[in-house]
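Undergrad:
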Amino acid sequence: MASSTAAEDAPSPSTSVSSKSIRRSHNKAKPIACNRCHARKVKCSGGQPCQNCQQGGKANECSYPRRNRMVKVSQRYLDDLVAENKSLRSQATATKNDITATPSIWPNSARKTTSSSTSTTQAPAVDERPWFIELGPQSPILVNEAADAVFATRFRQALLGGKHHGHIPRISFATDESLLALSDADCPWPTPARARFLVDVALSHVSRYYHIVRRSAIVEILQNGIPGSGDSITRSKLWVLFAIGEMYSCRASRTFPGIKYFARATRVLRIVSERPSISEVELRLLLVYFSLALNRRHAAYTLAGSAVRLAVVMGLHLNVPPSQLEDPATREHRVRVWWTAYHFDRLCASNLGNPYAIDTEEVQVDLPADRPELEGTAAAGDFADAAYITARVKLTRVLGRIVLSIYGRRIHRESLSHRVQQALKDLSAWVEELPAHLHIDAKGSGTSELVPKPISLRLSLNQVIINATRPILLHVLRTHAASWAPARRPESDPTGTRSHEHSQQQPQEVPEQAVLPVPNIVSKIGETCIRCARHSVRLLTEAWVDGSFKTFNFLYIQNLFSAATILAISMLLPGEDEDDDEQFETAANILTQVRDSGSYSGDEFCRHLEAMRAAMEEGRRRRNLAGEGPGTGLQSTHSAAAAAATAAAASLSSMSIMQPGDQQQQPQPPVQNAWPHISNETPMLPLLESSLQDLLSQSTPDLNFIDASNYGESGYAQGMYWPESWAPDGWSAQQ
């Protein structure tokens, strides 16, 4: 009883804690002494500084220790915190799942499902850190891996042993200052005869591949209108047509042909229309066309995006009810102008690796169609073959999907091998759907001027396949280069560019490694890339011979440089084709002549070719020292390259080339094997070859060595293009 009574009289734990808390709350908190007073064991007055430190002249040494107070809280408060934490975590997970489960913008691509156990991977073609270069005092310039010039830089870095060989910046283009000065200067309107001639030349080139303006409407304006009259948009369209006509009909002089007309046409861009018309979309598309010739790719990308947005404001991406627009010619013109804007936007964005102006699934307008009801009318000549425009639009869609999946910065659940496989499937489907009249005879056409549209499509297809497969080819080259002799690290980069990291660290020797086995299907993909490059060079060489390759045709120049880069890689791989040396030198000589004729893009690509030649010599030296190459030293390869260059220059110099401004077609000497038949090639490419069809049918292609090399510790690179390490301050380019 006594014990139980004592237990009842004893205070409970809660009562004890509560009473202690009450007593402590009444106690005044003791002041904290500064560190100096605490060490001297004297009373501290507090404050900053305290009186003792101030009197002792130690005010700057007066500091206080950080107090870690023990605070008691209730159990309910802790439970509420835990519950709130769980609730916030569940909300964050749900939001992340909603974002990752968003359907792809491409209708034909596989939909991505969300799973907590599914891992995501960054595209191996890029690194999670964007690449900027510094060019003088300006802000850093973004460099995207999808560009052909950037791929050439990665090729040089693979041969020269790392990142200290920087990217060659693009400085060959018409500057803003020169265009502003020309836009403010007086530009007389050409005489009626001259105006009709320039417009006829411009339309004969532009309308051959793109539908931008209606020929009948432009001719009517020139015939019935007063020179220089009309609204500002119409006059500006004519100014751009004058510029394009002069570019294709005059030889280069001190200034770029037609640039004064182009600068005059840009005056109207100072005001953005609140109620845009289709003429404003046409104007911007013409400006895009000429901007590409000036090598102003960023300006062309901006103008193309502006044209798409103006078209969206007008509703060109949607079908207009027939009750509101009955004229079939006007309806078809709207449709074709929209798809031209769509094509230009995708083309410019893909060349730069930038985002597009509109998602494909937002477009609901019909594809171009032939209009039999217009036969016999003045508008019949305004609309070319609809099948060609449709094929080009569909190919542009595939190009956009490839750039997003292989070079894009978004997170992918599929590996690189699966994305390359899907790209080849899309291209194979495009080839199978192509109408027969747009195919090229495998044995050659005889003259490219007679069938410009099929040849243009074939060049575009080759370029898209090269974009899809060249990351694989670069991996194959790096695999072989890993077994070559160590690369020499020069103290200065001959390209004039360098990285910050190279300036701060001493170069190290690249260790020789055993060559990794390359699966057969990977070699087949690389071979497909090389064969497309060879065929493009043959097509463009013939076009140069017969005069259909114009000096300022930006897309032809770009395709030629891209193909030449692939041939340069082929020249360094085992089992190289002897014709690749000659084709490479032929392409280089054409680009040199284009540069000497005043082409901005030709000048840019020639700078890259010069840097590539030096890198290729180093690559041959490394390969020959390792005993893998065909020669025993640098002398043999140097002689072979010199012989190929001499032969290519001699063959080009003997060709009667039609330059801009020539009005008569000169007789051409017979060209031997201008389009030799490529073994196992179908009329539209080795995409339909049986071995590649086996790849497309595989659920898991044998490309794992590429995916593993991107992330393995012993891999030769962290990413598809990115060098072995990265300096926090990025890359710089100095001129």
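Numbering (this note's numbering), first residue to last: 444 to 1178. From the three backbone atoms N, C-alpha and C, an ideal C-beta is built for every residue, glycine too.
Tell me, please, which residues DSSP counts as bridged to PHE575.
TA: Translated into the one-based positions of the sequence shown, residue 575 becomes position 132. BP columns for PHE575 point to LEU585.
Undergrad: Identify, in the order they occur along the chain, each residue of the same chain with its Cβ nearer than 7 Å to the Cβ of ARG752, setting aside the five sequence neighbours on each side.
TA: Here residue 752 is taken as the residue at index 309 of the sequence shown, counted from 1. The residues are ALA800.
Undergrad: How many angstroms separate the CA atom of ALA590 from the CA atom of HIS923?
TA: In the sequence shown, the residue the question calls residue 590 occupies position 147. In the sequence shown, the residue the question calls residue 923 occupies position 480. About 24 Å.
Undergrad: Determine the burial state of THR938: buried for a count of at least 16 other Cβ atoms within 10 Å of its Cβ, exposed for fewer.
TA: Along the sequence shown, read from residue 1 onward, the residue named residue 938 stands at position 495. Its pLDDT being 48, under 50, THR938 is placed unreliably by the model, and nothing is read from it.
Undergrad: Look at the alpha carbon of TYR999 and the alpha carbon of ALA1006, and state the distance between them as a whole number of angstroms.
TA: Residue numbering aside, residue 999 sits at position 556 when the sequence shown is read from its first letter. Residue numbering aside, residue 1006 sits at position 563 when the sequence shown is read from its first letter. Taking the straight line from one Cα to the other gives about 11 Å.
Undergrad: Can you have a look at THR839 and say buried or exposed, based on whether 16 or more other CB atoms are within 10 angstroms of its CB?
TA: Indexing the sequence shown from 1 puts residue 839 at position 396. Classification for THR839: buried.
Undergrad: Can you tell me which of VAL874, PHE733, SER679 and GLY819 puts its alpha carbon nearest to the alpha carbon of ARG713?
TA: What you label residue 713 is simply residue 270 of the sequence shown in a count that begins at 1. Among VAL874, PHE733, SER679 and GLY819, the Cα nearest to that of ARG713 is on SER679.
Undergrad: Where do the ends of the alpha helix (DSSP H) carrying ILE968 lie?
TA: For the purposes of this step, residue 968 is taken as the residue at position 525 of the sequence shown. Run containing ILE968: 963-989, per the alpha helix (DSSP H) assignment.
Undergrad: In the DSSP assignment, the alpha helix (DSSP H) including LYS680 goes from what residue to what residue?
TA: Mapped onto the sequence shown, residue 680 falls at position 237. Element bounds for LYS680: 675-692.
Undergrad: How about the segment 960-979 and the segment 705-722: do they share at least three Cβ pairs that are nearer than 8 Å?
TA: Segments in contact, no.
Undergrad: Using alpha carbons as the reference points, say which of ARG599, LEU881 and ILE661 lies closest to ALA825.
TA: Indexing the sequence shown from 1 puts residue 825 at position 382. Correcting the residue type first, residue 825 is Asp in the shown sequence and not Ala. Measuring from the Cα of ASP825, the nearest candidate turns out to be ILE661.
Undergrad: Tell me which same chain residues have a C-beta within less than 7 Å of the C-beta of GLY428, skipping the five on either side of it?
TA: Past the boundaries of the shown model lies residue 428; the chain is included only from 444 to 1178, so the question cannot be answered.
Undergrad: Which of the three DSSP states is assigned to HIS741 in this structure?
TA: Taking the first residue of the sequence shown as position 1, residue 741 is located at position 298. In the structure shown, HIS741 sits in a helix (DSSP, three-state: H, G or I).
Undergrad: Around the C-beta of THR1029, are 16 or more other C-beta atoms found within 10 angstroms, so that it is buried, or is it exposed?
TA: Numbered from 1 along the sequence shown, position 586 holds the residue referred to as residue 1029. With 16 or more other Cβ atoms within 10 Å, it is buried.
Undergrad: Is the beta carbon of LEU900 closer than 9 Å to that of LEU917?
TA: Numbered from its first residue, the sequence shown carries residue 917 at position 474. Numbered from its first residue, the sequence shown carries residue 900 at position 457. Their beta carbons are not under 9 Å apart, which means LEU917 does not touch LEU900 by this criterion.
Undergrad: Is it buried or exposed, MET1200, if we count other Cβ atoms within 10 angstroms and call 16 or more buried?
TA: The structure shown has nothing for residue 1200, since the chain only spans 444 to 1178.
Undergrad: If you follow the alpha helix (DSSP H) that GLN1001 is in, where does it begin and where does it stop?
TA: Position 558 of the sequence shown holds residue 1001. It spans 997-1013 - the alpha helix (DSSP H) in which GLN1001 sits, taken as one unbroken run.
Undergrad: Measure how close the beta-carbons of ILE676 and SER720 come, nearest whole angstrom, since I'm counting them as under 8 Å.
TA: By 1-based counting over the sequence shown, the position of residue 676 is 233. By 1-based counting over the sequence shown, the position of residue 720 is 277. Indeed they touch by this definition, with Cβ atoms about 7 Å apart.
Undergrad: Over the uninterrupted alpha helix (DSSP H) stretch that includes ARG613, give me the two end residues.
TA: The count along the sequence shown starts at 1 and reaches residue 613 at position 170. It is not in any alpha helix (DSSP H) - ARG613 carries neither H nor E in the DSSP assignment.
Undergrad: Using a Cβ-Cβ cut-off of 6 Å (strictly less than) and excluding sequence neighbours within five positions of SER516, which residues of its own chain qualify?
TA: Walking along the sequence shown from the start, residue 516 turns up at place 73. Contrary to the premise, residue 516 reads as Val rather than Ser in this sequence. If we look at VAL516 and ignore the five residues flanking it on each side, it has no Cβ neighbours.
Undergrad: Taking only beta-carbon atoms, is MET690 less than 9 Å away from chain D?
TA: In the displayed structure, chain D is absent; only one protein chain is listed.
Undergrad: Helix, strand or coil for ASN762 per DSSP?
TA: Residue mapping note: residue 762 aligns to position 319 of the sequence shown, counting from 1. DSSP places ASN762 in coil when its eight states are reduced to three.
Undergrad: Where does SER457 sit, in a helix, a strand or coil, going by DSSP?
TA: Taking the sequence shown and counting its residues from 1, the one referred to as residue 457 is at position 14. Interpretation of SER457 is limited by its pLDDT of 46, a score under 50 that renders its predicted location unreliable; no figure is taken from the coordinates.
Undergrad: Are ALA772 and ARG814 touching if we call contact CB-CB under 9 Å?
TA: The residue labelled residue 772 in the question sits at position 329 within the sequence shown. The residue labelled residue 814 in the question sits at position 371 within the sequence shown. Yes, Cβ-Cβ distance for ALA772 and ARG814 is below 9 Å.
Undergrad: Examine the Cβ distances between the segment 625-637 and the segment 741-761 and report whether three or more of them are shorter than 8 Å.
TA: No, because fewer than three Cβ pairs between the segment 625-637 and the segment 741-761 fall closer than 8 Å, the two stretches do not touch.
Undergrad: Do HIS610 and VAL780 come within 9 Å of each other at the CB atom, strictly closer than that value?
TA: In the sequence shown, the residue the question calls residue 780 occupies position 337. In the sequence shown, the residue the question calls residue 610 occupies position 167. Not a contact, by the Cβ cut-off of 9 Å.
Undergrad: May I ask you to check if the CB of ALA1011 is nearer than 8 Å to at least one heavy atom of the ligand COA?
TA: Among the ligands in the structure shown, none appear at all, so the ligand COA cannot be discussed.
Undergrad: Who are the near neighbours of SER672 in its chain, counting only those whose CB is closer than 7 Å to its CB and skipping five residues on each side?
TA: Here residue 672 corresponds to residue number 229 of the sequence shown, with the count starting at 1. Correct list: empty, nothing qualifies.
Undergrad: Just verifying my parser: in three-state terms, what is the DSSP assignment at LYS515?
TA: Position 72 of the sequence shown, counted from the first residue, corresponds to residue 515. In the structure shown, LYS515 sits in coil (DSSP, three-state: anything other than H, G, I, E or B).
Undergrad: Our contact map puts ALA1058 next to ARG597 with C-beta atoms below 8 Å; I'd like the distance itself, whole angstroms only.
TA: What you label residue 1058 is simply residue 615 of the sequence shown in a count that begins at 1. What you label residue 597 is simply residue 154 of the sequence shown in a count that begins at 1. In fact, because the Cβ distance is near 11 Å, the residues do not count as touching under 8 Å.
Undergrad: Confirm, please, whether the CB-CB distance from ASN905 to ALA976 is below 9 Å.
TA: Counting from 1 along the sequence shown, the entry for residue 976 is found at position 533. Counting from 1 along the sequence shown, the entry for residue 905 is found at position 462. It is a contact, given that the beta carbons lie within the stated cut-off.
Undergrad: For the alpha helix (DSSP H) holding THR596, just list the boundary residues, first then last.
TA: Within the sequence shown, the letter at position 153 stands for residue 596. That run of the alpha helix (DSSP H) goes 591-603.
Undergrad: State the Cα-Cα distance for the pair TRP927 and ILE1012, rounded to the nearest angstrom.
TA: By 1-based counting over the sequence shown, the position of residue 927 is 484. By 1-based counting over the sequence shown, the position of residue 1012 is 569. Going by the C-alpha atoms only, they are around 15 Å apart.
Undergrad: Quick one: Cα of ARG532 to Cα of THR803, how far?
TA: Indexing the sequence shown from 1 puts residue 532 at position 89. Indexing the sequence shown from 1 puts residue 803 at position 360. Between ARG532 and THR803, the C-alpha separation is close to 35 Å.
Undergrad: With burial defined as no fewer than 16 other Cβ atoms inside 10 Å of the residue's Cβ, what is the status of ILE845: buried or exposed?
TA: Counting from one through the sequence shown, the residue named residue 845 turns up at place 402. So ILE845 counts as buried.
Undergrad: Below 7 Å CB to CB, which residues in the same chain sit around ALA601 once its five sequence neighbours on both sides are set aside?
TA: For the purposes of this step, residue 601 is identified with residue 158 of the sequence shown, where counting begins at 1. Excluding positions up to five away in sequence, the list reads LEU917, LEU920, ARG921 and ALA924.
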